[in-house]
Structures are given as structure tokens and as C-alpha cells.
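The block underneath contains the structure these notes are about, expressed in C-alpha cells.
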Amino acid sequence: AQSVSQHNHHVILSEAASLELGCNYSYGGTVNLFWYVQYPGQHLQLLLKYFSGDPLVKGIKGFEAEFIKSKFSFNLRKPSVQWSDTAEYFCAVNARTGGFKTIFGAGTRLFVKA
Amino acid sequence: GAGVSQSPSNKVTEKGKDVELRCDPISGHTALYWYRQRLGQGLEFLIYFQGNSAPDKSGLPSDRFSAERTGESVSTLTIQRTQQEDSAVYLCASSSRVGGTNEKLFFGSGTQLSVL
Chain P
31 AQSVSQHNHH VILSEAASLE LGCNYSYGGT VNLFWYVQYP GQHLQLLLKY
81 FSGDPLVKGI KGFEAEFIKS KFSFNLRKPS VQWSDTAEYF CAVNARTGGF
131 KTIFGAGTRL FVKA
Chain C
700 GAGVSQSPSN KVTEKGKDVE LRCDPISGHT ALYWYRQRLG QGLEFLIYFQ
750 GNSAPDKSGL PSDRFSAERT GESVSTLTIQ RTQQEDSAVY LCASSSRVGG
800 TNEKLFFGSG TQLSVL
């Protein structure tokens, strides 16, 4: 079955630490990839997306993600996290083989200690 | 409206009762999604609409769940004979189209359903 896997369910970091959240998907063919974020008390919102072209995409607030087709991965990174990055992060995919519906991973809760 | 609106924001019901959850998408958005998020878990796809039709209902957990959309606008998710395992946050999202290079989902604040 088509799926999206996020490796870490909970991550705790100190401010200024580097962040990498893993995401793997099982779809074949062309995929569109997303990271969404949900800050405490707020709606889910788009952080960044990849459709084609440069596999390294940059999003808001200094986040970036790299699409590695051979590894079916789309990991999220940030060189130096801030306390305000405390949130839940969701990887999402849609693809022709999946009927184009957007499927989400289980999410990763990030807590950044001040 | 300016964003995706869901109502009610909270619903407490007794086991066995029916509930209706409503979603008002962003005006002009043809695609509408329903997701479920159980406590401590990720977003579980339920159903999506392109216009008023639902090409994919594969995520609906059982025949107690149904959804409809009218006027390419408001959608209602109905859960019949609610069970305790139906307790979750039900999220609605809309986008200008399903799939493709421009899809960005806009989420509502969800309906917290508690089945006692």
C-alpha cells in the first residue's frame, strides 16, 4: 500500500542545534512532496513543497528539504533551530499512482528547549 | 470566507448517536479533503471531493461514515451510531484542485469529537 513514513515521533533539541527529520514514501512514479507544520494552537500550514527541478527546496523560516529519488526520501532540515520552531511537522505526498490524493505521515513532534 | 471554516469546533456525544460535521472551504476551491487525527497519531485520510463528486472514498473507516458536498462548496461528514474509537479531531482542507503542481492545502481548525 502507498504510504508515508516519518522516522521520529518525538524530537527534543536545544536552541541552535541542527535539525533533520526523516520522511520516506512508497509511491512509484512522479510524486509531489510537502512538509506541513502545526504550531501550538494554530492550523496546519504549508512549510515547503517540491514538484520538480532542483531537489533542494527552501521554505519559510529557514527550513529546507532535499528530495532523493533513489532513496524515496524527502528529509526536512534546519541548520539552527529556535524555540519558536516547537511544533508538529508532517510530511505529505501526492502522486498519480495514488489518485492524486494527499497522504500524510504520522507526524514528528519537535520540542526546542530555550 | 477568508479561510476554511469548520463547525462545531467541539462536539461531545453519546455512543450510538449520529453526528454531522460541517466544512466551509475557501471560496472557489474545487478540492476538499477530510482527515482524521486521533490523539497522538498522524493525519488519516478519509475522503476527498473534486467538485461535488468523491473519486476516492477509500479512507472511510466503515459504512457508518459518509460525506457529501453540494454546490462545490459546503461539505458534511456524517458519522452514524458513533463509537468511542471515533473520538478524534476531524480536519477539513481545501485546495484549488486535486494533485498537480499547484496544490497547497489550506486547513480548518478542526472539530474535536468526543464519544462518551
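Chains P and C supply the protein sequences, listed in that same order. Terminal number for the first sequence in the working numbering: 144, no gaps in between. Terminal number for the second sequence in the working numbering: 815, no gaps in between. In this text, a Cβ means the ideal position worked out from N, Cα and C, and glycines have one as well. Here the structure is a predicted model, which is why all the values come from computation and not from measurement.
With DSSP run on the structure shown, which of helix, strand or coil describes Lys-99(P)? helix
If we count the other Cβ atoms within 10 Å of its Cβ and call it buried at 16 or more, is Phe-141(P) buried or exposed? exposed
Going by the beta-carbon positions, is the gap between Ile-133(P) and Ala-144(P) smaller than 8 Å? no
For Leu-51(P), tell me which candidate among Thr-60(P), Tyr-57(P), Ser-35(P) has the shortest Cα-Cα distance. Ser-35(P)
Rounded to whole angstroms, what is the Cα-Cα separation between Lys-108(P) and Leu-43(P)? 12 Å
Closer than 9 Å, Cβ to any Cβ of chain C: which residues of the region 59-82 of chain P, in chain order? Listed in sequence order: Asn-62, Phe-64, Tyr-66, Gln-68, Gln-72, His-73, Leu-74, Gln-75, Leu-76, Lys-79, Phe-81, Ser-82.
Would a check of beta-carbon distances place Gly-137(P) closer than 8 Å to chain C? yes
Sequence-distant residues of its chain with Cβ nearer than 8 Å to Thr-712(C) (five each side left out): Val-718, Thr-781, Leu-812, Ser-813, Val-814, Leu-815
Where Asn-709(C) falls, given that 16 or more other Cβ within 10 Å makes a residue buried: exposed
Could you name the residues of chain P that Gln-811(C) contacts, counting a contact when the two beta carbons are closer than 8 Å? Correct list: empty, because the minimum Cβ distance to chain P is about 13 Å.
Taking only beta carbons into account, state which residues of the region 92-118 of chain P come closer than 8 Å to chain C, listed in chain order. none
Using 8 Å as the cut-off, can you tell me whether the region 90-103 of chain P makes contact with the region 47-62 of chain P, which would need three or more C-beta pairs spanning the two stretches below that distance? Per the Cβ contact rule, the region 90-103 of chain P is in contact with the region 47-62 of chain P (3 or more Cβ pairs under 8 Å).
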